[in-house]
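Enquirer: I am attaching a structure below and will ask some questions about it afterwards.
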Amino acid sequence: MMTLYLDLASNSGSVALVRGSDVQIQPIHHRIGDHELIPIVKKLLEDSNVKYEDLTQLACALGPGGFTSL
431 MMTLYLDLAS NSGSVALVRG SDVQIQPIHH RIGDHELIPI VKKLLEDSNV KYEDLTQLAC
491 ALGPGGFTSL
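The sequence shown begins at 431 in this note's numbering and counts up one residue at a time.
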């Protein structure tokens, strides 16, 4: 199981890749625009040698916050 986790509901958040007990986190210390999300995810996947097709789940923080604006 390989999960991409997004926590962008507050001013600081993270994008993480979870593989079993291995977690790789890309912290985000500021609000990001919609156009910034895909490059962050791409870099995390590339650094982890993972392709989009390898992902089996997507998880996200529900809020409160601005996640739904993405």
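Ideal Cβ positions, reconstructed from N, Cα and C, are used throughout, including at glycine.
1. Assess, as a yes-or-no matter, whether the segment 435-445 is touched by the segment 456-474 under the definition of 3 or more beta carbon pairs within less than 8 Å.
2. Tell me whether leucine 475 sits in a helix, a strand or coil according to DSSP, three-state version.
3. With DSSP collapsed to three states, give me the class of isoleucine 462.
4. Please work out which residues of its chain come closer than 8 Å, Cβ to Cβ, to isoleucine 470, disregarding the five sequence neighbours upstream and downstream, and give them in chain order.
5. Under a three-way DSSP split, which group does leucine 436 fall into?
6. So what does DSSP say about leucine 467, is it helix, strand or coil?
7. Residues in the same chain with beta-carbon distance under 6 Å from leucine 436, minus the five sequence neighbours each way, listed in chain order, please.
Expert: Straight from the coordinates:
1. Yes, the segment 456-474 touches the segment 435-445.
2. In the sequence shown, counting from the first residue as 1, residue 475 sits at position 45. Secondary structure of leucine 475 (DSSP, three-state): helix.
3. Here residue 462 corresponds to residue number 32 of the sequence shown, with the count starting at 1. Coil at isoleucine 462, not helix or strand.
4. Taking the first residue of the sequence shown as position 1, residue 470 is located at position 40. Listed in chain order, the non-local C-beta contacts of isoleucine 470 below 8 Å within the same chain comprise Val445, Gln456, Ile458, Ile462, local neighbours out to five positions each way being set aside.
5. The residue labelled residue 436 in the question sits at position 6 within the sequence shown. Secondary structure at leucine 436: strand, using DSSP grouped into helix, strand and coil.
6. Locating residue 467 in the sequence shown gives position 37, where the first residue counts as 1. Annotated three-state conformation of leucine 467 is helix, per DSSP.
7. As a first step, residue 436 must be located in the sequence shown, where it is residue number 6. When the five nearest sequence neighbours on each side are left out, the beta carbons in the same chain lying within less than 6 Å of the beta carbon of leucine 436 are those of Val445, Cys490, in order along the chain.
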